[in-house]
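A.B. asks: In the UniProt record's numbering, the protein residues as written are 1 to 549. Cβ coordinates follow ideal geometry from the N, Cα and C atoms, glycine included.
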């Protein structure tokens, strides 16, 4: 008797491919690979996969490359953070001839591109995003700086590259644009510059640029930049975020870009000439004189709260003339910059000092973007404080919808019931840091919290008695994916008992490793791990990415 045909197996391949186009590679393989033979054939035939390796387990990472071929990948996004340490290095051990195997790759995003030496051989790559991180201070030697320059040169030599985003805002060295070759194919470019004197060099390297997105952090304190330069006539769209800069610098940029049809400027609050930035008459003179083709102008200004409100109204009156009315599209946003509100809005980490004093009738602070909540006992250092009522936290803070990480200091804990209530109002809370080895902490970990996927045992010296209690809680912690420990003994215990762990951070307070080889030898000798990658951040800190066991 023939097996019944599944409904999805009756769909034509075009419909299946259309469904695939809305999903990532991980979602496709997890949902359809084991569903039927027909869908596995569709997966083998599909050649427009989007692969994102952020927060992926090493098991899923390996499974993707077990099933997919490099020539099926159109979009590739790497990660190399605490959850996926050593991912990029490991990838290039699997595909040493990356440029020759990923022949259809069109979009690529990665961190410091030290491993790609043959960029020009990527024949289909048209969109590249490079996230540069800060360099350790000890790494500023000539060879590494030269390698950094060579990477930029090779990127500009990619023959098909049309869109380049260089996220160098966190980079603590300057990009040497003077060494760049001419990239006639490059149409869109985003980068941070610290002097507009670099723009002539950038324009010489991008003669056919259409869209330029600049972050300006100028070091100029006076109008000491170059007198005149010209942008390519192809440049029609310009976006500038002025973190630090002078009005005269923006004026010179505008004067150089005579073919602009779209201009978008965001002036942040760190400006000394804020009165000129808000002067509509000044903007009118600059634009009317030089930008005769301009159709769309968007201006956003963060005005500090100390700025004179009457003077502000006088300046803004200059934006109510006939010139601005006749512009095809004009938008101005004057945003009063409240220092306190801005700090709260941007704040990702909030600390609550326990016990909480009696509150007044003042409204509770609302931290809409807080991701980490620290509970600290600052009152009685001889007593371990336990939060036994969720109301103690609710009377201190509003808005925990984005909370991801709860940290308990050495003299603080919460009861299991409070943690469960907190999890119910913070659906993104998945990480818990425990800094104490008290008995109440043992009570906390004896309960099961399926939402918690990351546990930090931030206890530098764990007594053997507590370690035994911690081990007894393993059945309740089997769902954990990530852990942070402070001794080799705890690392060995985790590896032995937690079968689903994806990553471990080891901050060893009793020993340091002189090299990658020394840590790898210790790991293979004292644990059953064989499928792993790791990154030695410094001699006492190791990030470990675990595969199949």
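Which residue comes first and which comes last in the beta strand (DSSP E) that contains residue 499?
C.D. replies: As a working note, residue 499 is residue 499 in the chain shown. Taken as a continuous stretch (DSSP letters only), residue 499 belongs to no beta strand (DSSP E), as it is neither H nor E.
A.B. asks: Of the choices 511, 109, 386, 152, whose alpha-carbon is the least far from that of residue 80?
C.D. replies: In the chain shown, the residue the question calls residue 80 occupies position 80. The candidate whose alpha carbon is nearest that of residue 80 is 109.
A.B. asks: With DSSP run on the structure shown, which of helix, strand or coil describes residue 247?
C.D. replies: For the purposes of this step, residue 247 is taken as residue 247 along the chain shown, with counting starting at 1. Correct three-state label for residue 247: helix.
A.B. asks: Spatial neighbours of residue 426 within its chain, please: C-beta separation below 6 Å, excluding the five flanking residues on both sides.
C.D. replies: On the chain shown, position 426 is the one that residue 426 refers to. Cβ neighbours of residue 426 beyond the five flanking positions: 400, 403.
A.B. asks: When DSSP builds the beta bridges, which residues end up paired with residue 385?
C.D. replies: For this step, residue 385 is matched to residue 385 along the chain shown. Note: residue 385 sits in a beta bridge opposite 412.
A.B. asks: Whose CA, out of 271, 291, 323, lies closest to the CA of residue 304?
C.D. replies: Here residue 304 is taken as the residue at index 304 of the chain shown, counted from 1. Of 271, 291, 323, the residue nearest in Cα terms is 271.
A.B. asks: Would residue 341 be called buried (16 or more neighbouring beta carbons within 10 Å of its own) or exposed?
C.D. replies: Working through the chain shown from its first residue, we reach residue 341 at position 341. At residue 341 the pLDDT is 43, less than 50, meaning the model places this residue with poor confidence and gives no usable figure here.
A.B. asks: Return the Cβ separation of residue 456 and residue 433 in integer angstroms, given the expectation that the two are a contact with Cβ distance under 8 Å.
C.D. replies: Mapped onto the chain shown, residue 456 falls at position 456. Mapped onto the chain shown, residue 433 falls at position 433. So it is a contact: roughly 4 Å between Cβ atoms.
A.B. asks: Any idea which residues DSSP pairs residue 241 with across the strands?
C.D. replies: In the chain shown, counting from the first residue as 1, residue 241 sits at position 241. DSSP output for residue 241 lists 215, 266 as bridge partner(s).
A.B. asks: Around the C-beta of residue 306, are 16 or more other C-beta atoms found within 10 angstroms, so that it is buried, or is it exposed?
C.D. replies: Position 306 of the chain shown, counting from 1, holds the residue named residue 306. Its Cβ having fewer than 16 others within 10 Å, residue 306 is exposed.
A.B. asks: Given residue 527, which residues of its chain have a CB within under 8 Å of its CB, disregarding the five upstream and five downstream residues?
C.D. replies: For the purposes of this step, residue 527 is taken as the residue at position 527 of the chain shown. Answer for residue 527: 491, 492, 495, 496, listed in chain order.
A.B. asks: In angstroms with no decimal places, state the Cα-to-Cα distance between residue 125 and residue 477.
C.D. replies: Stepping through the chain shown from its first residue, residue 125 is reached at position 125. Stepping through the chain shown from its first residue, residue 477 is reached at position 477. C-alpha separation (whole angstroms): 44 Å.
A.B. asks: In angstroms with no decimal places, state the Cα-to-Cα distance between residue 483 and residue 254.
C.D. replies: Position 483 of the chain shown, counted from the start, is the residue given in the question as residue 483. Position 254 of the chain shown, counted from the start, is the residue given in the question as residue 254. Cα to Cα, residue 483 sits roughly 52 Å from residue 254.
A.B. asks: Identify which residue in 78, 415, 296, 328 has its Cα closest to the Cα of residue 385.
C.D. replies: For the purposes of this step, residue 385 is taken as the residue at position 385 of the chain shown. It is 415.
A.B. asks: Give the straight-line distance between the Cα atoms of residue 338 and residue 164, rounded to the nearest whole angstrom.
C.D. replies: As a first step, residue 338 is located in the chain shown; it is residue number 338 there, counting from the start. As a first step, residue 164 is located in the chain shown; it is residue number 164 there, counting from the start. Confidence at residue 338 is low in this model, with a pLDDT of 49, below 50, so the placement of that residue should be treated as unreliable; the coordinate-derived value is given next. Whole-angstrom Cα-Cα distance: 34 Å.
A.B. asks: Under 9 Å, do residue 228 and residue 212 count as touching if we go by C-beta distance?
C.D. replies: Residue numbering aside, residue 228 sits at position 228 when the chain shown is read from its first letter. Residue numbering aside, residue 212 sits at position 212 when the chain shown is read from its first letter. No; because the gap between Cβ atoms is not below 9 Å, this pair is not in contact.
A.B. asks: From residue 377 to residue 407, what distance separates their C-alpha atoms?
C.D. replies: As a first step, residue 377 must be located in the chain shown, where it is residue number 377. As a first step, residue 407 must be located in the chain shown, where it is residue number 407. One C-alpha to the other measures close to 12 Å.
A.B. asks: Using DSSP with H/G/I as helix, E/B as strand and the rest coil, what is residue 353?
C.D. replies: The sequence position of residue 353 within the chain shown is 353, counting from 1. If DSSP states are grouped into helix, strand and coil, residue 353 belongs with the strands.
A.B. asks: What are the partner residues of residue 163, as DSSP defines its beta bridges?
C.D. replies: In the chain shown, counting from the first residue as 1, residue 163 sits at position 163. 127, 188.
A.B. asks: May I ask you to verify whether the region 51-66 touches the region 7-18, counting CB pairs closer than 8 Å and requiring at least 3?
C.D. replies: No contact exists between the region 51-66 and the region 7-18.
A.B. asks: For the candidate residues 259, 282, 262, 532, whose alpha-carbon lies nearest to that of residue 520?
C.D. replies: Numbered from 1 along the chain shown, position 520 holds the residue referred to as residue 520. Residue 532 is the option with its Cα nearest to residue 520.
A.B. asks: Which one of 301, 203, 543, 293 has the shortest CA to CA distance from residue 327?
C.D. replies: The residue you call residue 327 lines up with position 327 of the chain shown. Ranking the options by Cα distance to residue 327, first place goes to 293.
A.B. asks: Could you please give me the residues that DSSP links to residue 433 through a beta bridge?
C.D. replies: Within the chain shown, numbered from 1, the residue matching residue 433 stands at position 433. Bridge partners of residue 433: 407, 456.
A.B. asks: Using a Cβ-Cβ cutoff of less than 8 Å, which residues in the same chain neighbour residue 47 once the five nearest sequence positions on both sides are dropped?
C.D. replies: The residue you call residue 47 lines up with position 47 of the chain shown. Answer for residue 47: 71, 72, 74, 104, listed in chain order.
A.B. asks: Just verifying my parser: in three-state terms, what is the DSSP assignment at residue 182?
C.D. replies: The sequence position of residue 182 within the chain shown is 182, counting from 1. Residue 182: coil per DSSP, three-state reduction.
A.B. asks: Using the beta-carbon count (16 or more within 10 Å), is residue 234 buried or exposed?
C.D. replies: Position 234 of the chain shown, counting from 1, holds the residue named residue 234. Exposed, since its Cβ has fewer than 16 Cβ neighbours within 10 Å.
A.B. asks: Just the C-alpha distance for residue 261 and residue 541, rounded to the nearest angstrom, thanks.
C.D. replies: What you label residue 261 is simply residue 261 of the chain shown in a count that begins at 1. What you label residue 541 is simply residue 541 of the chain shown in a count that begins at 1. Going by the C-alpha atoms only, they are around 51 Å apart.
A.B. asks: In this structure, how does DSSP classify residue 304 when only helix, strand and coil are distinguished?
C.D. replies: The residue given as residue 304 occupies position 304 in the chain shown. Here residue 304 sits in strand by DSSP.
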